[in-house]
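Taking this note's numbering, the leading residue of the sequence shown gets 13, the next gets one more, and so forth. Virtual Cβ for every residue (Gly too), placed ideally from N, Cα, C. The structure appears right after this line, and notes come after that.
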Amino acid sequence: MKGAVISEADLLTNLPNNIIENILGCLPLRDVVRTSILSREWRYKWLSCPEIVFDFWFDQMFLGDHKLEPLIYQILKLQKGPLLKFALQVPDLKSSPDIDQWVRMLPNNTLQDLTLHVSRGETHKLNSNLFAFQNLRNLKLYNCVFDPVPGFKGFSKLVNLELQSVALVPETFGNFIASCPAIERLRLIHCTNFDFLEITGPRLKCFEFHGVFKSVSFKNCPVLSDVKLTFSSMDFKRGTDSPWIWLNP
Numbered sequence: 013m014k015g016a017v018i019s020e021a022d023l024l025t026n027l028p029n030n031i032i033e034n035i036l037g038c039l040p041l042r043d044v045v046r047t048s049i050l051s052r053e054w055r056y057k058w059l060s061c062p063e064i065v066f067d068f069w070f071d072q073m074f075l076g077d078h079k080l081e082p083l084i085y086q087i088l089k090l091q092k093g094p095l096l097k098f099a100l101q102v103p104d105l106k107s108s109p110d111i112d113q114w115v116r117m118l119p120n121n122t123l124q125d126l127t128l129h130v131s132r133g134e135t136h137k138l139n140s141n142l143f144a145f146q147n148l149r150n151l152k153l154y155n156c157v158f159d160p161v162p163g164f165k166g167f168s169k170l171v172n173l174e175l176q177s178v179a180l181v182p183e184t185f186g187n188f189i190a191s192c193p194a195i196e197r198l199r200l201i202h203c204t205n206f207d208f209l210e211i212t213g214p215r216l217k218c219f220e221f222h223g224v225f226k227s228v229s230f231k232n233c234p235v236l237s238d239v240k241l242t243f244s245s246m247d248f249k250r251g252t253d254s255p256w257i258w259l260n261p
């Protein structure tokens, strides 16, 4: 009697759910979606994947002539969670006008990692829904307007914050950082110019700044060990005083 032939799809299906989720979490989204053709059992497994990443390579290698907007909406609508990570990179706002709607569809209670990247063109004014994700640990924003809503108490669990080409409000940004006491790594790349920037971070270990400022003050940063400052060339053409850096442990 010949032994039964077991397909690779059947072997995978028999694995524990947590292992299957780990496997799906290691794959690019385009490959996760493609697992739906393995077998009937795998048709909807990708909908419970804890990470959804729409990056440049997803756009180039998976979509082809298809539009991105309907696909994102459909995936978010069908996603069964818990969703831990969501990353979105779009060419510009004209091609993806529904960013705020997609953010509103994300689960407030589970999301830990969020990236919003508008590659070029007009900056995107972030909707207030962004500030509802109180379990965020990693936040990356590119080419956006970042202005916390009045009364916002901060992201208490935020560990890593990266802002690139982001319009900030200098008068309130320092207060925002102070309201995120768990931050360990802060990167500000070509954001709003600062006359004065005060950074308060009891757990802050790494700080990186590319741009223009007149003075930076580090207050209550006892474990800060890595500081990288890259000044814009315009700073040296003005003939003004050199920037000041103040350390107040």
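- An exposed status is given to G133, since fewer than 16 other beta-carbon atoms sit within 10 Å of its beta-carbon.
- Residue pairing by DSSP places T212 opposite K231 in a beta bridge.
- Classified as buried, G186 has 16 or more neighbouring CB atoms from the shown chains inside 10 Å of its CB.
- Cβ neighbours of L153 within its own chain (closer than 6 Å, five residues either side excluded): L128, L175, V178.
- Less than 8 Å divides the Cβ of L198 from the Cβ of L173.
- For G163, the closest of V171, I195, F188, L148 by C-alpha to C-alpha distance is F188.
- Residue pairing by DSSP puts N150 in a beta bridge opposite D125, N172.
- Comparing alpha carbon positions, the residue from Q113, P119, L100 closest to G93 is P119.
- L123 sits close to N147, with the two beta carbons spaced by under 8 Å.
- G166 and L200 do not touch by the CB rule: their CB atoms are close to 17 Å apart, not below 8 Å.
- For Q91, there is no enclosing alpha helix (DSSP H), as DSSP gives it neither H nor E.
- Straight through space, the alpha carbons of V239 and E210 are spaced by roughly 14 Å.
- In the displayed model, E220 falls within a strand according to three-state DSSP.
- Out of K231, Y85, V102, the CA that lies nearest to the CA of T135 is found in V102.
- Shortest Cα-Cα distance from F206 to any of S229, K217, I195 involves S229.
- Just so you know, the alpha carbons of V161 and F143 end up roughly 8 Å apart.
- Here R149 is actually not in contact with V115; their C-beta atoms are around 17 Å apart, not less than 8 Å.
- The beta-carbon separation of C233 and L216, rounded to 5 Å, stays under the 8 Å limit for a contact.
- One thing to note: F145 has its Cβ no nearer than 8 Å to the Cβ of L100.
- Assignment of A179 by DSSP, reduced to helix, strand and coil, places it in the strand class.
- Here L138 carries a coil assignment [DSSP, helix/strand/coil].
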